[in-house]
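Written below as structure tokens is the structure these notes are about.
Protein chains: 2
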Amino acid sequence: MVIDAALQLVESEGSGALSMRRLAADLGVATTTIYWHVGNRDELVVALIRRHAQRMGESVVNGDHPRDRVLSAARNIWTSALSHRNVTALANQVGATTLLHLPLEVTLLAELQAAGLEDGEAADALRAILFCTAGFLVAAWRDEERVPVELQRRALWASVRDPRVSDGALDALAGEPDTQSLFETALVAIVDAALAGCSGSGRGDGGVDPGGDGPDR
Amino acid sequence: MVIDAALQLVESEGSGALSMRRLAADLGVATTTIYWHVGNRDELVVALIRRHAQRMGESVVNGDHPRDRVLSAARNIWTSALSHRNVTALANQVGATTLLHLPLEVTLLAELQAAGLEDGEAADALRAILFCTAGFLVAAWRDEERVPVELQRRALWASVRDPRVSDGALDALAGEPDTQSLFETALVAIVDAALAGCSGSGRGDGGVDPGGDGPDR
DNA sequence: ACCTGAACACCGTTCAAGT
DNA sequence: ACCTGAACACCGTTCAAGT
Numbered sequence: 002m003v004i005d006a007a008l009q010l011v012e013s014e015g016s017g018a019l020s021m022r023r024l025a026a027d028l029g030v031a032t033t034t035i036y037w038h039v040g041n042r043d044e045l046v047v048a049l050i051r052r053h054a055q056r057m058g059e060s061v062v063n064g065d066h067p068r069d070r071v072l073s074a075a076r077n078i079w080t081s082a083l084s085h086r087n088v089t090a091l092a093n094q095v096g097a098t099t100l101l102h103l104p105l106e107v108t109l110l111a112e113l114q115a116a117g118l119e120d121g122e123a124a125d126a127l128r129a130i131l132f133c134t135a136g137f138l139v140a141a142w143r144d145e146e147r148v149p150v151e152l153q154r155r156a157l158w159a160s161v162r163d164p165r166v167s168d169g170a171l172d173a174l175a176g177e178p179d180t181q182s183l184f185e186t187a188l189v190a191i192v193d194a195a196l197a198g199c200s201g202s203g204r205g206d207g208g209v210d211p212g213g214d215g216p217d218r
Numbered sequence: 002m003v004i005d006a007a008l009q010l011v012e013s014e015g016s017g018a019l020s021m022r023r024l025a026a027d028l029g030v031a032t033t034t035i036y037w038h039v040g041n042r043d044e045l046v047v048a049l050i051r052r053h054a055q056r057m058g059e060s061v062v063n064g065d066h067p068r069d070r071v072l073s074a075a076r077n078i079w080t081s082a083l084s085h086r087n088v089t090a091l092a093n094q095v096g097a098t099t100l101l102h103l104p105l106e107v108t109l110l111a112e113l114q115a116a117g118l119e120d121g122e123a124a125d126a127l128r129a130i131l132f133c134t135a136g137f138l139v140a141a142w143r144d145e146e147r148v149p150v151e152l153q154r155r156a157l158w159a160s161v162r163d164p165r166v167s168d169g170a171l172d173a174l175a176g177e178p179d180t181q182s183l184f185e186t187a188l189v190a191i192v193d194a195a196l197a198g199c200s201g202s203g204r205g206d207g208g209v210d211p212g213g214d215g216p217d218r
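Taken in sequence, the protein lines are chains A and B.
To convert, note that position 175 of the first sequence is 176 in the working numbering; the numbers rise steadily by one, no gaps.
To convert, note that position 34 of the second sequence is 35 in the working numbering; the numbers rise steadily by one, no gaps.
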């Protein structure tokens with residue numbers, strides 16, 4: 002099947018390797034044959050993303066407290082994107098990220114509502130989490146790209162000399178960022194801000210820990 | 002000058018219009034002439050970004066309290082990116098965002114340190130703000146892109162039917178997001194989380210407002 | 001030092017023509 | 001219904017050749 006071959010090509014060699022000619026060569030047919038089957042490169046990409054989306058099954062949300070479940074549902078999107086970076090990057094390029102993650106996003110929305118957020122609040126919280134996640138994903142990918150070394154973040158920060166900032170901070174910025182833990186911190190900050198003032202949100206900073214009210218964990 | 006023409010081309014027609022042949026035609030020279038001057042398309046793009054970066058002057062940071070100044074410095078990056086979206090998008094594509102915003106980022110780092118953050122904390126806070134901002138920027142741009150209507154966020158959310166989520170939330174997600182205010186909320190959440198526990202950070206939720214301690218504003 | 005045309009190896013896409 | 005070659009309009013890039 003054409004779409005499966007395209008999906009495999011993207012997953013193994015990245016979105017840059019997906020051309021109609023290359024795909025046709027892999028399949029052993031003429032380039033124009035592809036067009037008869039999928040119509041278009043854009044339509045091919047959409048079909049490819051759709052196929053991938055339906056392939057990865059439903060996600061499991063962990064946690065007893067609403068806040069924990071929200072965080073878990075959000076981490077599922079992050080993890081899913083990280084473990085299929087080529088397809089996710091392609092979806093990002095064509096602006097079809099929602100198409101790829103819709104089931105996971107619906108689940109996250111449900112958890113936000115279960116945590117007590119009203120319609121509009123839940124929608125805004127979902128969007129804030131998604132936008133933020135997308136930013137951290139791009140940051141997590143960028144490191145391995147083909148950016149010339151001389152103008153990568155590390156090199157640029159190493160060249161900064163400014164009396165307003167400390168050398169220690171500059172050294173820290175010249176090193177590799179721990180994208181994973183940065184994401185975790187930012188996610189918690191955004192979720193807690195969104196859940197602030199909700200009943201049973203269990204923020205936990207200064208509040209009383211209600212203790213284990215569930216059997217497991 | 003070749004680079005100026007390229008910069009103007011990107012600013013007026015977007016990064017997609019920047020090709021060696023198109024640029025040569027605009028300048029009234031042969032395509033190969035461009036190569037003699039800039040060597041490469043990648044080098045041309047870098048030179049273009051560098052030129053744009055030095056053109057927009059220093060930023061002004063407003064506010065008396067450290068927290069306000071951090072927020073102001075962060076907003077400067079957001080605003081600068083929004084008002085030059087084509088160049089910023091191009092820099093994003095080639096992974097040279099830091100090259101474009103380095104002066105603004107150094108200023109933000111200085112404000113984070115002035116707010117009391119240690120070396121590593123300031124570096125992490127800066128990265129969190131930058132990554133998050135990048136995500137919201139992409140979201141703010143994506144709306145106007147050439148994504149087929151049938152698979153845009155709005156259409157996809159309008160098609161969701163799930164007992165776990167309310168119709169009101171789905172309606173909200175089928176509408177246009179207010180990216181500006183979403184960014185503002187997320188920014189405040191991340192900055193406040195980073196500044197939590199710092200001396201004189203002035204979080205302001207329940208704390209005592211120290212009042213005006215500066216002569217101006 | 002500066003510019004040129006010809007050429008190579010790629011793209012996506014259309015279309016009349018084959019079976 | 002399915003596949004093909006030829007062709008068009010684009011890319012980035014190299015290189016020997018001109019002035």
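Here a beta-carbon is modelled for each residue, glycine too, at the ideal position from N, C-alpha and C.
Residue environment analysis places alanine 31(B) among the exposed positions, since fewer than 16 neighbouring C-beta atoms fall within 10 angstroms of its C-beta. The beta strand (DSSP E) runs of length 3 or more contained entirely in the segment 47 to 111 of chain A do not exist; there are none.
At a cut-off of 9 Å between C-beta atoms, asparagine 93(B) counts as an interface residue with respect to chain A.
Annotated as proximal: glutamine 114(A) and alanine 170(B), with beta-carbon spacing under 9 Å. Excluding residues up to 5 positions away in sequence, Thr89 and Leu138 lie with their Cβ nearer than 7 Å to the Cβ of alanine 82(A) in the same chain. Separation of alanine 187(A) and serine 182(B) (C-alpha to C-alpha, rounded to the nearest whole angstrom) is 18 Å.
At a cut-off of 4 residues, the continuous stretches assigned as alpha helix (DSSP H) that sit fully inside the segment 2 to 49 of chain B are 3 to 14, 21 to 28 and 32 to 39. With respect to the C-alpha of glycine 117(B), the residue from Pro67(B), Glu177(B) and Leu45(B) having the closest C-alpha is Pro67(B).
The shortest CA-to-CA distance from aspartate 120(A) to any of Trp37(B), Phe184(B), Arg165(B) and Gly15(B) is the one to Arg165(B).
The residues Ile191 and Ala195, in chain order, have a CB closer than 8 Å to that of alanine 129(B) in the same chain once the five nearest residues on each side in sequence are set aside. Boundaries of the alpha helix (DSSP H) around glycine 121(A): 120 to 143. Its chain contains Ala31, Thr32, Thr34 and Ile35 as the residues whose beta carbon lies nearer than 7 Å to that of alanine 25(B), once the 5 sequence neighbours on both sides are disregarded; these appear in chain order.
Look at cysteine 199(B): its C-beta is not under 9 Å from any C-beta on chain A. According to the DSSP assignment, alanine 175(A) belongs to the alpha helix (DSSP H) that extends over 168 to 175. With contacts defined by Cβ atoms closer than 9 Å, alanine 74(B) and serine 84(B) do not form a contacting pair. In this structure, leucine 105(A) and asparagine 87(A) do not form a Cβ contact; the two beta carbons are roughly 18 Å apart against a cut-off of 8 Å.
Between the alpha carbons of arginine 42(A) and valine 95(A) lies a distance of about 11 Å. Note on threonine 134(B): 16 or more other CB atoms within 10 angstroms of its CB, so buried under the neighbour-count rule.
Interface with chain B (9 Å Cβ-Cβ cutoff): serine 167(A) is included. Residue environment for arginine 56(B): exposed (fewer than 16 other C-beta atoms within 10 angstroms of its C-beta). Within the segment 108 to 125 of chain B, contact with chain A at the beta-carbon level (separation under 7 Å) is assigned to Leu110, Ala111, Gln114, Asp120, Gly121, Ala123, Ala124 and Asp125.
Between leucine 101(A) and histidine 38(A), the beta carbon gap of about 22 Å keeps them out of contact (Cβ cut-off 8 Å).
Arginine 155(B) and alanine 140(B) do not touch by the CB rule: their CB atoms are close to 13 Å apart, not below 8 Å.
At a cut-off of 9 Å between C-beta atoms, isoleucine 191(B) counts as an interface residue with respect to chain A. Here alanine 173(A) is near alanine 123(B), since their CB atoms are less than 9 Å apart. What arginine 154(A) touches in chain B, judged by beta-carbon distance under 8 Å, is Thr99, going in chain order. Asp43 and Val47: these are the residues of the segment 29 to 53 of chain B whose beta carbon lies less than 8 Å from some beta carbon of chain A, given in chain order.
Residues of chain B with a Cβ closer than 9 Å to the Cβ of proline 178(A) are, in chain order, Ala124, Asp125, Arg128 and Phe132. Taking a beta-carbon distance threshold of 9 Å, proline 149(B) counts as an interface residue toward chain A.
Between aspartate 163(A) and valine 62(B), the C-beta spacing is not below 9 Å. At a cut-off of 9 Å between beta carbons, aspartate 163(B) contacts chain A. Short of 7 Å from the beta carbon of aspartate 27(A), and not among the five residues preceding or following it, lie these beta carbons of its own chain, in chain order: Ala6 and Leu10. When Cβ-Cβ separations below 9 Å define contact, tryptophan 158(A) makes contact with chain B.
Taking C-beta atoms under 8 Å as the contact rule, leucine 91(A) and valine 46(A) qualify, at a distance of about 7 Å.
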